[in-house]
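Adding 69 to a residue's 1-based position in the sequence shown gives its number in the numbering used here.
Glycine is no exception: its CB is placed at the ideal position from the N, C-alpha and C atoms.
The structure appears below as structure tokens.
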Amino acid sequence: MSIFYRTKDAACLGLVVATLDNAPPGIDNGTIIGFFAALFDSAPELRRKLLDEVRSDRAAEFYLVALRRAGLADEARRFASARKLENAAPANITPLKTVIPVSVAMDNDLLIGAYMATGDLSYIDHILENLRTSRDGMAADAIRIGLVMGKFGGAGTPGRPNVMIIAACRKYGCPKNQASKDMMRALTMASAVWAIGSLAKNDVAIKQELDRFFQNDSRLAAIFAREQNAFTNYLTLVTLWTVKKDPSLDAALTDYERLEAADTLVKPDSFLRPSENKK
Numbered sequence: 070m071s072i073f074y075r076t077k078d079a080a081c082l083g084l085v086v087a088t089l090d091n092a093p094p095g096i097d098n099g100t101i102i103g104f105f106a107a108l109f110d111s112a113p114e115l116r117r118k119l120l121d122e123v124r125s126d127r128a129a130e131f132y133l134v135a136l137r138r139a140g141l142a143d144e145a146r147r148f149a150s151a152r153k154l155e156n157a158a159p160a161n162i163t164p165l166k167t168v169i170p171v172s173v174a175m176d177n178d179l180l181i182g183a184y185m186a187t188g189d190l191s192y193i194d195h196i197l198e199n200l201r202t203s204r205d206g207m208a209a210d211a212i213r214i215g216l217v218m219g220k221f222g223g224a225g226t227p228g229r230p231n232v233m234i235i236a237a238c239r240k241y242g243c244p245k246n247q248a249s250k251d252m253m254r255a256l257t258m259a260s261a262v263w264a265i266g267s268l269a270k271n272d273v274a275i276k277q278e279l280d281r282f283f284q285n286d287s288r289l290a291a292i293f294a295r296e297q298n299a300f301t302n303y304l305t306l307v308t309l310w311t312v313k314k315d316p317s318l319d320a321a322l323t324d325y326e327r328l329e330a331a332d333t334l335v336k337p338d339s340f341l342r343p344s345e346n347k348k
């Protein structure tokens, strides 16, 4: 699905469609909904073909949400009536073209799916806008969490206490175990850093757009560079930690995991230098 906009491969589309029939009930996949919403909007003939050939009510529910996301209200009403799905999805859905993620991580998924269907980089720009309008500290924390998520598949490092999200909760608020709006925004940006960074490894257009974004925003470029450097140092320290569980090394790792400022973190040289001096 991630390269559909380049290949327009019917077999690839067929595989995506086939997954809809057996999708778990009550769970919406934002990437798939965004994909079909953008596809329905940009390819009317293909839209009609897919709607006519829909095989299951579960797939029809996805298509109905996608039609509403695409802003195709009349077609959505006709389709819902024909399939007797009038109450299957809310009618007051924000149209895909006006979605700008702030504190809902699924909005990132919607826009990434739309990009996969069309190759339209404006969807990626809408995701990055959240980072651009954030304050320095939150941007740094989101980038750090996103880099860790991209490396380890979650906001925790194997073999280390999982404290990063706890630290974020303490900083941004999780009253009664419910994430505050600031906390949700930090996590939404972190998931964007993770997702876009992963896609950029195999998608030249996204890589170029990401480079352009930072070239045009010196503030964020500096924050990103500091966090990248801190992350590189952290990975070096993690490697040392696997060899020797030194208390001072543990403290340095914990400072990073607790979202301490990048310029206050201990660098690997302070742990490597004594060994070098002994030689």
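**OP:** Can you grab the Cα-Cα spacing for the pair N156 / A248, in whole Å?
**Re:** Cα to Cα, N156 sits roughly 30 Å from A248.
Original post:
Does the Cβ of A186 have 16 or more other Cβ atoms within 10 Å, making it buried, or fewer, making it exposed?
Top reply: It counts as buried.
Original post:
When DSSP labels each residue in this structure, what does I169 get in the three-state scheme?
Top reply: Collapsing the DSSP output to three states places I169 in coil.
Original post:
Which term fits A320, buried or exposed, when burial requires 16 or more other beta carbons within 10 angstroms of its beta carbon?
Top reply: When all chains shown are included, A320 counts as exposed.
Original post:
Would the segment 266-277 and the segment 287-299 be scored as touching if the rule is three or more Cβ pairs under 8 Å?
Top reply: They do not touch, by the three-pair rule.
Original post:
Would you call the segment 215-235 and the segment 177-185 touching, i.e. three or more CB-CB distances under 8 Å?
Top reply: By the Cβ criterion, the segment 215-235 is not in contact with the segment 177-185, since fewer than three pairs of Cβ atoms, one from each stretch, lie closer than 8 Å.
Original post:
If we call anything under 8 Å between Cβ atoms a contact, is G140 one with P159?
Top reply: No, they are not a contact pair.
Original post:
Going by alpha carbons, who is nearest to T76 out of D126, G188, I162?
Top reply: With respect to the C-alpha of T76, the residue from D126, G188, I162 having the closest C-alpha is G188.
Original post:
Relative to the alpha-carbon of V307, which residue among A208, A261, V217 has its alpha-carbon at the smallest distance?
Top reply: For the residues A208, A261, V217, the minimum Cα distance to V307 belongs to V217.
Subject >> Identity of the residue in E130, F148, R137, I235 nearest H96 by Cα >> reply: Reading the sequence as shown, one finds Ile at residue 96 and not His. Among E130, F148, R137, I235, the Cα nearest to that of I96 belongs to E130.
**OP:** Would you mind stating whether S260 and N199 have Cβ atoms separated by less than 8 Å?
**Re:** It is not a contact, given that the beta carbons lie outside the stated cut-off.
Original post:
Alpha carbon to alpha carbon, how far is I162 from Q284?
Top reply: Computed Cα separation, rounded: 34 Å.
**OP:** Taking only heavy atoms of the ligand SAM into account, decide whether any of them is closer than 7 Å to the Cβ of L165.
**Re:** This structure lacks the ligand SAM; in fact it carries no ligand of any kind.
Original post:
Near I212, what residues of its chain come up, given a Cβ to Cβ distance below 7 Å and the 5 sequence neighbours on each side ignored?
Top reply: Excluding residues within five positions, the ones whose Cβ falls inside 7 Å are V262, I292, F293, E296.
Original post:
Using the beta-carbon count (16 or more within 10 Å), is T100 buried or exposed?
Top reply: Here T100 is buried. Its C-beta has 16 or more other C-beta atoms within 10 Å.
**OP:** Within the same chain, show all residues whose beta-carbon is closer than 8 Å to that of S125, passing over the 5 residues directly before and after it, in chain order.
**Re:** So the qualifying residues of the chain are L89, D90.
Original post:
With C-beta atoms as the reference, is V86 less than 8 Å away from L119?
Top reply: Between V86 and L119, the gap from beta carbon to beta carbon is short of 8 Å.
**OP:** To the nearest angstrom, report how far apart D205 and D143 are at their CA atoms.
**Re:** Here the alpha carbons of D143 and D205 stand approximately 44 Å from one another.
Original post:
Near L279, which residues of its chain fall below 7 Å by C-beta distance, leaving aside the five closest residues on each side in sequence?
Top reply: Within the same chain, L279 has close Cβ partners I265, A269.
**OP:** Assign C238 to one of three DSSP states: helix, strand, or coil.
**Re:** For C238, the secondary structure class from DSSP, reduced to helix, strand or coil, is helix.
Original post:
What runs of the alpha helix (DSSP H), each 4 residues or longer, lie entirely inside the segment 89-162?
Top reply: Runs found: 99-111, 113-121, 126-138, 142-152.
**OP:** In the DSSP assignment, find the unbroken alpha helix (DSSP H) run with D272 in it and report its ends.
**Re:** Where D272 is concerned, there is no enclosing alpha helix (DSSP H), given that its DSSP letter is neither H nor E.
Subject >> Exposure of L136, with buried meaning 16 or more beta-carbon neighbours within 10 Å >> reply: Buried, because 16 or more other Cβ atoms sit within 10 Å of the Cβ of L136.
Subject >> Among G242, A331, A149, L322, nearest to A299 - alpha-carbon criterion >> reply: For A299, the closest of G242, A331, A149, L322 by C-alpha to C-alpha distance is A331.
Subject >> Per-residue DSSP class, three states only, for G83 >> reply: Residue state, collapsed to three classes: helix.
Original post:
Taking the alpha carbon of R288 as the point to measure from, which residue in A209, Y74, L309 has its own alpha carbon closest?
Top reply: The shortest Cα separation from R288 among A209, Y74, L309 belongs to A209.
Original post:
In angstroms, rounded to a whole number, what distance separates the CA positions of A274 and Y74?
Top reply: C-alpha of A274 to C-alpha of Y74: approximately 12 Å in a straight line.
Subject >> As assigned by DSSP and simplified to three states, the class of T323 >> reply: Helix.
Subject >> First and last residue of the uninterrupted alpha helix (DSSP H) at P247 >> reply: Looking at the sequence shown, residue 247 is not Pro but Gln. Under the DSSP assignment, Q247 falls outside any alpha helix (DSSP H); it carries neither an H nor an E label.
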